[in-house]
Structures are given as C-alpha cells and as structure tokens.
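Colleague: In our numbering, the protein residues as written are 5 to 451.
Glycine residues also receive a C-beta, built at the ideal position from the N, C-alpha and C atoms.
The structure under discussion is supplied below as structure tokens; questions concerning it will follow.
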Amino acid sequence: MTMTLRCLARTAAAGLVAVAALATAGHTAEAEAADTLGSAAAGQGRYFGAAVAANHLGEADYAATLDREFTSATPENEMKWDATEPSRGTFTLAAADRVVDHARSRGMDVRGHTLVWHSQLPSWVGALGAADLRTAMNDHINGLMGHYKGQIHSWDVVNEAFQDGGSGARRSSPFQDRLGDGFIEEAFRTARAADPAARLCYNDYNTDGVNAKSNAVYAMVKDFKSRGVPIDCVGFQSHFNSASPVPADYRQNLQRFADLGVDVQITELDIEGSGSAQAANYTKVTDACLAVDRCTGITVWGVTDKYSWRSGGTPLLFDGDYRKKPAYDAVLTALGGSGDPGDPGDPGASCTAAYTRTADWGSGYNGQVTITAGDAPISSWTATVVLPSPQSVSSLWNGTPTWAGNVMTVSPSWNGTLAAGASTSFGFTVAKNGSGAAPTVGGCTAS
Ligand code: G2I
5 MTMTLRCLAR TAAAGLVAVA ALATAGHTAE AEAADTLGSA AAGQGRYFGA AVAANHLGEA
65 DYAATLDREF TSATPENEMK WDATEPSRGT FTLAAADRVV DHARSRGMDV RGHTLVWHSQ
125 LPSWVGALGA ADLRTAMNDH INGLMGHYKG QIHSWDVVNE AFQDGGSGAR RSSPFQDRLG
185 DGFIEEAFRT ARAADPAARL CYNDYNTDGV NAKSNAVYAM VKDFKSRGVP IDCVGFQSHF
245 NSASPVPADY RQNLQRFADL GVDVQITELD IEGSGSAQAA NYTKVTDACL AVDRCTGITV
305 WGVTDKYSWR SGGTPLLFDG DYRKKPAYDA VLTALGGSGD PGDPGDPGAS CTAAYTRTAD
365 WGSGYNGQVT ITAGDAPISS WTATVVLPSP QSVSSLWNGT PTWAGNVMTV SPSWNGTLAA
425 GASTSFGFTV AKNGSGAAPT VGGCTAS
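Structure, rendered in structure tokens:
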C-alpha cells in the first residue's frame, strides 16, 4: 500500500486530485503514511519542490533523490536573463530545457524563475533607453513564456523589486529607474497574455514576516487586486539563518497575503544550522504553510547541502552524501508522512554495487563486488553479474549465486543486513577460457 500511495500521489499533478483518487480507492492519506516529501505534501493538497541545477542531473544520487522526493522543480539559474537571452533577441534555452524535460518526464511541476530581475541581467539590458527597455522586457517575457507555454505551473514574473531596510521603497534597477513603478504591472500584464494558464507570482526575500518591506509588497498586491492587474501568487523566498531567523509572525504574514485573494508559496526555503535546532525551524515553516489554506507548496533551494549557494551553512534537507537529515524527518512528519526506512519496498531501502578485479594470473582472475547500502538500513540485497562468454566461475565466497545462462544473481550468505551507508562484498574466481573481458555488474536491489 505504501507503494500504491506514492504512485498515485506522484501521478496526479494536483494534490487534491491525489486525495480524491485515494478516497475512491477506499483509502485516505492518513490511513497509510506517505514516505516521501512529495507524496506526503500531495496528501495535504500541496507540492514539495526543489531548486534544480541542470549540470547536476547527470549525478546518479542527485537525480535519484530529486526524482524520489520532489514533485516540483525550479531551475536554480537556467531561466535567468543572463542564461536565456545573453544578447538581444537570441534565446539560449538548452540548459533550462534540460531541467524542464527532466522534471516533466517524471511528473513534476515546474516553477519558472525568473523573468524580470535586477540581478544576473546581461549588460546590454542596462544600456538601453526607456522605450527600448520596455520593448526588450516584453520581448523577453514573451520569448520565455512562449517557449514554455503550458509547461510552467507558476512563474516568478518579477523578483526582488523592493529595497531592503525600513523604507519599503522600490529598488534601483534599469527597469525601476527608466520605466518607473509601472514596470511591474506591465510585466504581469504581458505575462498573462503570453501564457494564460500559468500562475503569475511576485517573489521576494526578507518579506517573510510583517515588516516595512512586506508591507510595501502587500500594498502593491492589494492595489493590483483592486485594479484587476493580473497576479495569482506571492513567493516568500525564506532564506533563514541566525541573522535572519524564521519570524514569529510568519504564518500571520502568509495569511494576510492569502486574504488578499492570491496563493502564497514558499519558494526558496533554506535554513542554516544542523540537528534538532534546524529541524525545529523546518517544522515551524512547514506548519505555517499547512495552516494557510492558500499556501500551495514549498520549494527548498537545492537538493543537497553539497550544492547549496550557502553550502557552508548546511541549510538543506539532504547532506552532502544525500543522507536524510533530522530536518528531513521533521518536514516529513509535519506533512503527515512517515519514513519507516526498514519497510521492504520502501524507497529508503537501496544499494549500489561496484566491481573491481582484485587479482589476475593469465588463465584466471578474482573479481570482487562491493555492496553499499543507501540512506537507510537494509536487511537484504541482490546484485547481478553478467559473465562474458566463454568465462566460467569456479568459486564464490560471501554470497549465494543462482545462474541463468551467463547471468549470475548473487544474494547474501551471512551479510544481508547493512546499516545505512555500510558496505559488504562478495568475491569470485573466474576461469578466463580465453577471454579476459570484464564482467558487467548490473543493478543492486535492496529490501
Ligand atoms: O541568492 C540566493 C537566491 C536569492 N533569490 C533569487 C535566487 O535566484 C537566488 O539564487 C542564487 C543561486 O542559488 C546561485 O546559484 O542566485 C545566485 C546569483 O544571484 C546564484 O549564484 C550564481 C553565482 O553567483 C555565479 O557565479 C554562478 O555562475 O550561480 C551561478 C551558476 O552556478
């Protein structure tokens, strides 16, 4: 049932659909605790996403963790203006396409980040006069949103347009300085026409609690709603550390925006720290989102601490070796899920198999396969070894082989139980019979 729940939750694009499907099947989300962030969040009618970098998708553990746990992806840098339109009118979208294709082929939603932002802006944009800049801004929105039309769940149309500090004023940028306050409204109107199905968000940081900056954003959203300027959501980046802790009025702040008639999303969550203190802060944030009906999802700003923009602060849910941190367990629990990593078939039970030739003497060789448990303890494993013809195995130790043609499937003899991350190995002696080729070691499966 655990497997069934996960599959249903992943297949359905919207969490509410997942809940309905489960109810039809005679189950509820509560009846069987979900065992990934994405499936647990879906049980609450929400998505759980991560910022994704195209250049890490080839790393097996990165992709496996992303694919297993998350139901939404935000390209971390690939959709920014410097990456997508480095010279005027020339759109370079290959890296962004990689993230979008990876995510969508695995049933994830995609958040678009970001269309109009003062940072990561190519210098040609800043050199334009007002009329040209207005055209370039609209062309950029149309170019990106047109390319991804129908594929993006929510777009950060404008990012970080307000100043830090107490004034609540707009931040100086080419857009603000040349086009004035109206550039935000214009960007949203252009965006609505470009992809009417996409949710259009304003996204910012240090707006997570009630303060002068969030008050200024609040006033803008209220004005937009009263005048019919198209806006659907507000993103709260939520980059927290000891200098910028989770605000005590986080939930109230999310709620007051929701009460304006927009969705709220936690868009770039990371919290520096470790252990139970970090976990407690993640619980606060997750609980706050769950307490606000229109908080539709949470995105953490990266998959693993290894590649975080604040990697020194270890702010994410998986450590540098893709192990679940206490913060992970805290979020999963807050979402109503349960890890239960020893359960057969649980996605936590995994292993890898690595082959080495440990000796070679002309007519024969010794091979060794090292089995390493993934991020949960395992109670058994099997690994397959395909032997090149016409080689034959004369002996095998620390494992139990069964044969089908030249495919040897090895299960444990005494060494099935491994702690998370722990290794064991089996070895075998091969008669070459004229071929010195290396065997192929297939997948490792664990329970
Ligand atoms: O700064 C944290 C985030 C604040 N809100 C908007 C987000 O878009 C922003 O993300 C970060 C990325 O996580 C970083 O990865 O934005 C940074 C740039 O403003 C990104 O850093 C840049 C480095 O500055 C570049 O040197 C590097 O080439 O990442 C680029 C790609 O790795």
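By Cβ distance below 6 Å, which residues in the same chain neighbour Thr-28 in space, the five residues on each side in sequence not counted?
Modeller: Caution is warranted here: a pLDDT of 34 is assigned to Thr-28, below 50, making its placement in the model unreliable, and the coordinate value is therefore given only provisionally. The answer is none, since no qualifying residue turns up.
Colleague: Does the structure place the stretch 412-422 close enough to the stretch 369-386 that three or more beta carbon pairs sit under 8 Å?
Modeller: Yes, the stretch 369-386 is in contact with the stretch 412-422.
Colleague: Per DSSP, Val-373 forms a beta bridge with which residues?
Modeller: Partner(s): Tyr-359 and Phe-430.
Colleague: Note the first and the last residue of the continuous beta strand (DSSP E) segment covering Gly-301.
Modeller: That run of the beta strand (DSSP E) goes 299-304.
Colleague: Classify Met-149 as helix, strand or coil using the three-state DSSP reduction.
Modeller: Met-149 falls in the helix class under three-state DSSP.
Colleague: Is Glu-80 near the ligand G2I, judged by its Cβ being under 7 Å from some heavy atom?
Modeller: Checking every heavy atom of the ligand G2I against the Cβ of Glu-80, one is found closer than 7 Å.
Colleague: For Glu-73, which three-state DSSP category applies?
Modeller: Residue state, collapsed to three classes: helix.
Colleague: State the CB to CB distance for the pair His-117 and Pro-79, rounded to an integer number of angstroms; the pair is presumed to be in contact (CB under 8 Å).
Modeller: With 8 Å as the limit, His-117 and Pro-79 qualify as a contact, their Cβ atoms being about 6 Å apart.
Colleague: Have a look at Thr-362, Arg-196, Arg-203 and Asn-245 and flag the residue whose alpha-carbon is nearest the alpha-carbon of Tyr-209.
Modeller: Nearest of Thr-362, Arg-196, Arg-203 and Asn-245 to Tyr-209, Cα basis: Asn-245.
Colleague: Can you check which of these residues, Thr-428, Ala-357 and Val-411, is closest to Trp-418 by C-alpha distance?
Modeller: Answer by Cα proximity: Thr-428.
Colleague: What residue range is occupied by the uninterrupted alpha helix (DSSP H) comprising Tyr-286?
Modeller: Its alpha helix (DSSP H) spans residues 279-295.
Colleague: Kindly list the residues whose CB is nearer than 8 Å to the CB of Val-266, restricted to its own chain and excluding five residues on each side of it in sequence; keep chain order.
Modeller: So the list reads Val-225, Lys-229, Ile-235, Asp-236, Cys-237, Val-238 and Arg-298, once near-sequence residues are dropped.
Colleague: Does the beta-carbon of Ser-439 have 16 or more other beta-carbons within 10 angstroms, so that it is buried, or is it exposed?
Modeller: The residue in question, Ser-439, is exposed, as its Cβ has fewer than 16 Cβ neighbours within 10 Å.
Colleague: Verify whether the separation of the beta carbon atoms of Val-114 and Ile-156 is less than 8 Å.
Modeller: In contact: Val-114 and Ile-156 (Cβ atoms closer than 8 Å).
Colleague: Threshold first: 4 residues or longer. Then list the alpha helix (DSSP H) segments lying entirely within the stretch 208-235, N to C.
Modeller: Qualifying alpha helix (DSSP H) stretches, in chain order: 216-231.
Colleague: From Gln-48, Pro-394, Lys-328 and Gly-409, pick the residue whose C-alpha is nearest to that of Asp-379; which is it?
Modeller: Nearest of Gln-48, Pro-394, Lys-328 and Gly-409 to Asp-379, Cα basis: Lys-328.
Colleague: Bridge partners for Gln-180 per DSSP, in chain order?
Modeller: None, per the DSSP bridge assignment.
Colleague: At what residues does the beta strand (DSSP E) containing Trp-407 begin and finish?
Modeller: Counting along the chain, the beta strand (DSSP E) containing Trp-407 begins and ends at 404-408.
Colleague: Answer yes or no: the CB of Trp-313 versus the heavy atoms of the ligand G2I, is any distance below 7 Å?
Modeller: Yes; taking the cut-off as 7 Å, the Cβ of Trp-313 has a heavy atom of the ligand G2I nearer than that.
Colleague: May I ask you to report which of helix, strand or coil DSSP gives Val-162?
Modeller: Here Val-162 sits in strand by DSSP.
Colleague: Using the C-alpha atoms, what's the distance from Asn-410 back to Pro-392?
Modeller: The alpha-carbon atoms of Pro-392 and Asn-410 are separated by roughly 7 Å.
Colleague: In whole angstroms, what is the alpha-carbon distance linking Ser-91 and Glu-82?
Modeller: So the two alpha carbons sit approximately 15 Å from each other.
Colleague: Quick check on the DSSP output: the beta strand (DSSP E) that includes Glu-272 runs from which residue to which?
Modeller: First-last of the beta strand (DSSP E) with Glu-272: 267-275.
Colleague: Is any non-hydrogen atom of the ligand G2I found closer than 7 Å to the C-beta of Gln-1, if you look at the structure I gave you?
Modeller: The first residue shown for the chain is 5 and the last is 451, placing residue 1 beyond what the model contains.
Colleague: Which word fits Ala-220, buried or exposed, when buried means at least 16 other C-beta atoms lie within 10 angstroms of its C-beta?
Modeller: Under this definition Ala-220 is a buried residue.
Colleague: For His-243, does the three-state DSSP call read helix, strand or coil?
Modeller: Correct three-state label for His-243: strand.
Colleague: Relative to the C-alpha of Leu-400, which candidate in Ala-377, Thr-376, Tyr-369 and Pro-381 has its C-alpha closest?
Modeller: The shortest C-alpha separation from Leu-400 is found at Tyr-369.
Colleague: Excluding the 5 residues flanking Ala-132 on each side, which residues of the same chain have their C-beta closer than 7 Å to its C-beta?
Modeller: The displayed chain sequence assigns Leu, not Ala, to residue 132. If we look at Leu-132 and ignore the five residues flanking it on each side, its Cβ neighbours are Ala-140.
Colleague: Buried or exposed: where does Ala-334 fall if 16 or more other Cβ atoms within 10 Å of its Cβ makes it buried?
Modeller: Buried, since its Cβ has 16 or more Cβ neighbours within 10 Å.
Colleague: With Ser-396 as the anchor, note down where its beta strand (DSSP E) starts and where it stops.
Modeller: First-last of the beta strand (DSSP E) with Ser-396: 396-401.
Colleague: Of the residues Thr-406, Ser-342, Val-445 and Ser-127, which one's Cα is nearest the Cα of Ala-358?
Modeller: Looking at the Cα atoms, Val-445 is the closest of the given residues.
Colleague: What does the Cβ neighbour count give for Trp-159, buried or exposed, with the cut at 16 atoms within 10 Å?
Modeller: It counts as buried.
Colleague: Could you tell me which of Val-214, Leu-41 and Gly-279 sits nearest to Asn-257, measuring between CA atoms?
Modeller: Per the Cα distances, Val-214.
Colleague: By the DSSP assignment, the alpha helix (DSSP H) with Gly-42 in it spans what residues?
Modeller: Looking at the DSSP string, the run of the alpha helix (DSSP H) that includes Gly-42 is 41-47.
Colleague: Looking at C-alpha atoms only, which residue of Pro-416, Pro-381, Gly-366 and Thr-374 is the closest neighbour of Ala-441?
Modeller: Cα-wise, what sits closest to Ala-441 is Gly-366.
Colleague: How do the stretch 316-326 and the stretch 173-187 stand: do at least 3 beta-carbon pairs fall below 8 Å, yes or no?
Modeller: With a cut-off of 8 Å, the stretch 173-187 and the stretch 316-326 do not count as touching, because too few Cβ pairs lie within range.
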